[in-house]
Every structure is written in structure tokens, then in C-alpha cells.
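In our numbering, the protein residues as written are 4 to 146. Working notes, beginning with the structure itself.
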Amino acid sequence: MGMSVKCMIFCEGDILLLQKKDREGLSPWEFPGGGLEFGEDLHDAALREVREETELTVELLDVAGLWSYARNKLQFLTGVIFIAKTTDRNVILSDEHTDFAWVKPSELHTYRLQDSLRQALDRIKTSNERGQELRQYFVETYK
4 MGMSVKCMIF CEGDILLLQK KDREGLSPWE FPGGGLEFGE DLHDAALREV
54 REETELTVEL LDVAGLWSYA RNKLQFLTGV IFIAKTTDRN VILSDEHTDF
104 AWVKPSELHT YRLQDSLRQA LDRIKTSNER GQELRQYFVE TYK
């Protein structure tokens, strides 16, 4: 089982999505993120992955939720989704992605999101245990 991080990055009320390159040609949208390096903690991994994939500097605010994904019978990933913010919209993509978009939370449902990400967002939306900051940024506007 592998461990991964994702960052739901907000800038002026919009959320950053990245369009992933994939071999199947599906090109789903996702949050910036990736796997942990040996000995790395979740916080440091999230900051590093955002920087590698977007060249953005962000401030991590909170943990939004968890996600999981089975690539096949032998490979299973579990991850943490962080809420982050930035004041910089100037995304410079790595070669892992083909496009990016800053979208309103209420528009997320119009994008082809990775299945594991959509499921995680649905769990976050319905959770009654989230703090005020998460509700302010996300729960009331995600549809």
C-alpha cells in the first residue's frame, strides 16, 4: 500500500484543477499531489508535490479528508487531501499534466474528476465533523 497527498488549492474563491496525462486517453482532472518520498511527512510531501507540479507556493490550512484508489489487485493507494491557499494564479505545469483551470467550487461537478477524488469530495461534503474553515471554503458551494 502506498501513501499519497493531494492539495485542494484555493485562490480568491477558486480551486485549482490539473488535467492529468494518462495512457488511456481519459485525461481526468485532479488536485496537485503525489506520493511520499522515503522518510517524508505528509505536510512536506504536499508542499513539495504542489511546487513540482505547479511551481506554486501554498499555505496548508487543514486536512479536508481521505481518498483511496486500487490500481490493480497488487497496488492500492491511500491519500490525504489538504486544503491550501495561495495568492498566485501563475501555474507552470510539469510534464505530468496537460492543462489547468481555476474553477468555482460549484463548477467542480462539470469536470471529469478522477473517480477516487469525486468519491472523496462527496464524503467531505456530507461529513458533519468538519470545522468552520472547511465549510467556509467548500461544503456549502460544492454540488
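No residue lacks a Cβ here, since even glycine has one placed at the ideal position from N, Cα and C.
Item	Value
Beta carbon of V14 nearer than 8 Å to that of K88	Checking the sequence shown, residue 14 turns out to be Cys, not Val. Contact flag set, yes.
Sub-8 Å separation of F34 and I84 beta-carbons	yes
Same chain, Cβ closer than 8 Å to K24, neighbours up to 5 away in sequence not counted	S30, D98, E99, H100, T101
C-alpha gap between G5 and A48, whole angstroms	13 Å
N-terminal and C-terminal residue of the alpha helix (DSSP H) that D47 is part of	45-57
Nearest candidate by alpha-carbon position, reference L19, set R51, R26, C10	C10
Residue range of the beta strand (DSSP E) that includes H100	100-106
Chain-order list of residues whose beta-carbon lies under 6 Å from that of I127 (same chain, five-residue window excluded)	A67, G68
Meets three-Cβ-pair contact criterion under 8 Å: the region 110-126 and the region 56-75	yes
DSSP three-state assignment for T81, whether helix, strand or coil	strand
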